[in-house]
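Taking it in order: structure first as structure tokens, then the write-up.
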Amino acid sequence: MNAKNNDSIVISVCTGTGGVATGGYKVIDAFKEELAKINSTAKVGPRTHKVGCRGFCAKDVLVDVDINGEVSTYQHVTADKAREIVSSHVIGKEPVNKWMVKEDYHNFHDKQQKLVLADCGKINPESIDEYLAIGGYESLKKALSMDPEEIIDTIKKAGLRGRGGGGFPTGIKWESCRNAKGNPKYVLCNADEGDPGAFMDRSIVEGHPNLMLEGMIIGAIAIGSSEGYVYIRAEYPLAVDRLRLALDQAREHNFLGENILGSDFSFDIKIVLGAGAFVCGESTALMTSIEDKPGEPRPKYVHTTDKGLWGKPSNLNNVETWANVPMIIEKGADWYASIGTEKSKGTKIFSLVGKINNTGLVEVPMGITLREIIYDIGGGIPKKKEFKAVQTGGPSGGCLPVSFLDKPVDYENLYEAGSMMGSGGMVVLDEDSCMVDVSRYFLDFCKDEGCGQCTPCREGVAQMVRILTEITEGKGSLAHIDMLEELAQMIQDASLCALGTSAPNPVLSTLMYFRDEYKAHVVDKKCPAGVCRNLTTFIIDEDLCTGCTLCARNCPAGAIYGEKKEPHFIEQDKCTKCRVCYDSCKFNAVKKG
Amino acid sequence: MDLKAVNEILSQFPEERGNLIGILHEVQNYFSYLPEAELRYISKKIDIPITQIYSVANFYNRFSLAPKGNNQICVCMGTACHVKGSEKIMNELQEKLQIQKGETTEDLLFSLDEVRCIGACGLAPAVVVNEDTHGLVKPKMVGKILSKYKP
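Right, dumping it as structure tokens:
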């Protein structure tokens, strides 16, 4: 190892939540230790740096090894593998092919169009200098030389719409807030990403916090605000730490504070931590929460752009929306408007999760089809199972069946289909997922997370959960389905905030597209997916069973009997319907019925 | 009452509105819950009625008015974790610890809660113990995870 080495060596290790959970810090330590042993004569010695999430968490820890500009990516790296990579690849010049990313990694990335996430996973999120080195905060400088109206006009022309749920045109919101009477005006960032199954905002804050901050500062110039808040979930500790660090560094560079970059514009940002309340993602609840109160939504007959936080004009956008702003200022409205569909411009980040091979974050142009996202990028459904539905928009969204696979994804199409864009969660469900169970899950979520102020949501949603639970327990009848529809209509019409009005969406969309499955539960008393325990029996097909004994060994209830190499059978009285046999059988011999 | 600790926490916050949740987070981190005497003291110091503090403490899931275990286990119940079997993980934990979700073991070693999506969907099902995220958890792994936190 004492041979002279004048290579430029940069090792980038993913340290998003996924990377850290799978041992990212141990991998960094191992690389640092090994690289320190290299006797380098290069101008800049070998270095290891942390980068944010690049979206494909299922392959973590992901590591880029860059030797003189030639980059190789390794997956599932451990500390031991890191040592081996240094000795074989960095020193011996022999890349360890067996640990490199495979075709699926390239397929996952090749069809994406990364604009917001372009530098996530490339630069160190804890160093503002790395962002400055690739042109960071240049858009802020440009915005400081523009008229506020000109900035608003650019955002309007670009066609940017809110990425947090409703898809309201961002430029129009900014304009309303700018024109509203009252001072001070507040610029707020919603980083209370509560939709289960969505984590793009977490990844942006963890992987590139400065991008979002730059967007917020530009927004503040346009709106005429001097105070900003980021409301962020306490469940994201890593994101909170990186955001704090980014704020400190931005202040040191005078991107925040008094007289920013010598101008007469002053602006600063505070962090407010959420405390585990989903409803605080709703705009008025978020503001109430900052005001030291329980996060209860307020009626919206007066817009928050007129009377929001502390009763003053307030402009709230979410992390992804703010992160889109710098590039629009840099490259112009026409460039941005050329991406996407007629009414939905730019890209959208989706978190592709559930029964899908390539779980992760994908950034795609608006208008791409679900099929391209799920099959080309996501690699399809694991274990050759059938696609059943994709749930979009979180608890407020809906489930779309196979007939929507070829529809372009944009705000309008999803809404018409009975779902919504939401924050971009995309949960793929296969033949083994029960739609009644999934609806019950989301309704139960809304029941727990509702604030309790208004009766339709508090009592109505709870009642829907009771009805759905009865159906999944085999106690349902056709009248249950009618009651669900009636209640859903009432809750949609009469609830105070969007949490209530959208809570019935998962039930309504599954009733629209999967009514037969509900009927199977209440009429035939069967759960076709084999999820609802009271409505399922598992049996072993004697012709397919090879007698490998795997199911018998795994059965926690000891309900499976049989001699080695002879067909096995399940004693139904003992069976707890836990599905372990079904999931573990390698010969498809366990059948549900 | 641990006045010194509370005063130290309060000194980190400037005297302005909008800090209550931040203060309660720090108190909860220090004491593992929100003790009544300390809340009454804070109420006087920051001039927010105790009733308002109590309603905030009750509203948010992160706050607890009863002591929590030294090790806090949170099972993610997000959609991705749900469809990948987080309920089985929760059942296994309840079985092993002999407590229900929301409860704390008698020796105050563990408390068990569910959390609504921690955004680690690529690692579903996920369990967070204190600051550590454990991903791709199977019911079989639960015993091994717990043993890491036993003295």
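Top line first, the protein sequences correspond to chains E and D.
1 is the number of the first residue of the first sequence in the numbering used here; add one for each residue after it.
1001 is the number of the first residue of the second sequence in the numbering used here; add one for each residue after it.
Glycine included, each C-beta is placed from N, C-alpha and C at the ideal position.
Around the C-beta of residue i, are 16 or more other C-beta atoms found within 10 angstroms, so that it is buried, or is it exposed?
i, result
"residue 518 of chain E", "buried"
"residue 426 of chain E", "buried"
"residue 1058 of chain D", "exposed"
"residue 382 of chain E", "exposed"
"residue 435 of chain E", "buried"
"residue 335 of chain E", "exposed"
"residue 556 of chain E", "exposed"
"residue 202 of chain E", "buried"
"residue 112 of chain E", "buried"
"residue 106 of chain E", "exposed"
"residue 2 of chain E", "Any reading at residue 2 of chain E must be qualified, since the residue scores a pLDDT of 43, below 50, and its modelled position is unreliable; no value is offered."
"residue 542 of chain E", "exposed"
"residue 1108 of chain D", "exposed"
"residue 314 of chain E", "buried"
"residue 391 of chain E", "buried"
Does DSSP put residue i in a helix, a strand or coil?
i, result
"residue 389 of chain E", "strand"
"residue 420 of chain E", "coil"
"residue 161 of chain E", "strand"
"residue 97 of chain E", "helix"
"residue 2 of chain E", "For residue 2 of chain E, the predicted model reports a pLDDT of 43, less than 50, meaning its position is unreliable; a value from the coordinates is still stated below. Looking at residue 2 of chain E - three-state DSSP - the assignment turns out to be coil, as it is neither helix nor strand."
"residue 47 of chain E", "strand"
"residue 231 of chain E", "strand"
"residue 1114 of chain D", "strand"
"residue 348 of chain E", "strand"
"residue 569 of chain E", "strand"
"residue 1132 of chain D", "strand"
"residue 1120 of chain D", "coil"
"residue 209 of chain E", "helix"
"residue 73 of chain E", "strand"
"residue 24 of chain E", "helix"
"residue 1104 of chain D", "strand"
"residue 516 of chain E", "helix"
"residue 356 of chain E", "coil"
"residue 311 of chain E", "helix"
"residue 540 of chain E", "strand"
"residue 589 of chain E", "coil"
Our contact map puts residue i next to residue j with C-beta atoms below 8 Å; I'd like the distance itself, whole angstroms only.
i, j, result
"residue 469 of chain E", "residue 521 of chain E", "Going by Cβ atoms, the distance from residue 469 of chain E to residue 521 of chain E rounds to 11 Å, so no, they are not a contact pair."
"residue 389 of chain E", "residue 400 of chain E", "6 Å"
"residue 316 of chain E", "residue 286 of chain E", "7 Å"
"residue 460 of chain E", "residue 351 of chain E", "With a Cβ gap of about 29 Å, residue 460 of chain E and residue 351 of chain E do not count as contacting."
"residue 13 of chain E", "residue 63 of chain E", "5 Å"
"residue 552 of chain E", "residue 574 of chain E", "With 8 Å as the limit, residue 552 of chain E and residue 574 of chain E do not qualify as a contact, their Cβ atoms being about 12 Å apart."
"residue 347 of chain E", "residue 363 of chain E", "5 Å"
Could you name the residues of chain C that residue i contacts, counting a contact when the two beta carbons are closer than 8 Å?
i, result
"residue 391 of chain E", "No chain C appears in the structure shown, which is made up of the protein chains E and D."
Taking residue i as the reference, give the member of the options with the closest Cα.
i, options, result
"residue 277 of chain E", "E:437, E:181, E:463, E:451", "E:451"
"residue 1116 of chain D", "E:455, E:157, E:248, E:194", "E:194"
"residue 503 of chain E", "E:457, E:322, E:523, E:134", "E:457"
"residue 594 of chain E", "E:80, E:161, E:72, E:8", "Residue 594 of chain E cannot be examined here, being either before or after the span of chain E that is shown, 1 to 593."
"residue 567 of chain E", "E:575, E:548, E:558, E:576", "E:548"
"residue 488 of chain E", "E:443, E:570, E:230", "E:443"
"residue 536 of chain E", "E:544, E:52, E:320, E:526", "E:526"
"residue 326 of chain E", "E:229, E:210, E:392", "E:210"
"residue 1085 of chain D", "D:1001, D:1025, D:1034, D:1121", "D:1121"
"residue 349 of chain E", "E:118, E:60, E:17, E:72", "E:118"
"residue 494 of chain E", "E:454, E:475, E:21", "E:454"
"residue 386 of chain E", "E:430, E:415, E:371, E:158", "E:430"
"residue 1104 of chain D", "D:1032, D:1024, D:1013", "D:1032"
"residue 396 of chain E", "E:378, E:294, E:499, E:175", "E:499"
"residue 281 of chain E", "E:449, E:38, E:585", "E:449"
"residue 1070 of chain D", "D:1088, D:1081, D:1041, D:1106", "D:1106"
"residue 100 of chain E", "E:77, E:10, E:91, E:245", "E:77"
"residue 248 of chain E", "E:311, E:213, E:223, E:61", "E:213"
"residue 190 of chain E", "E:204, E:133, E:178", "E:204"
"residue 145 of chain E", "E:577, E:479, E:160, E:263", "E:263"
(request) Select from the stretch 1009-1025 of chain D all residues with a C-beta closer than 9 Å to any C-beta belonging to chain E, and list them in chain order. (result) 1017, 1018, 1019, 1020, 1021, 1022, 1024, 1025
(message) Against chain D, which members of the stretch 56-79 of chain E pass a CB distance test of less than 7 Å?
(response) 57, 58
(message) Along the stretch 340-369 of chain E, where does the CB come closer than 7 Å to a CB of chain D? Name the residues.
(response) 351, 353, 354, 355, 359, 360
(message) Which residues of the stretch 1055-1067 of chain D have a Cβ closer than 7 Å to any Cβ of chain E? Give them in chain order.
(response) 1055, 1056, 1059, 1060, 1061, 1062, 1063
(request) Residues of the stretch 1038-1057 of chain D with a CB closer than 8 Å to any CB of chain E: list them in chain order, please. (result) 1048, 1052, 1055, 1056
(request) Output, in sequence order along the chain, the residues in the stretch 265-283 of chain E whose CB is closer than 9 Å to any CB in chain D. (result) 270, 271, 272, 273, 274, 275, 276, 277, 278, 280
(request) Select from the stretch 416-430 of chain E all residues with a C-beta closer than 8 Å to any C-beta belonging to chain D, and list them in chain order. (result) 425, 427, 429
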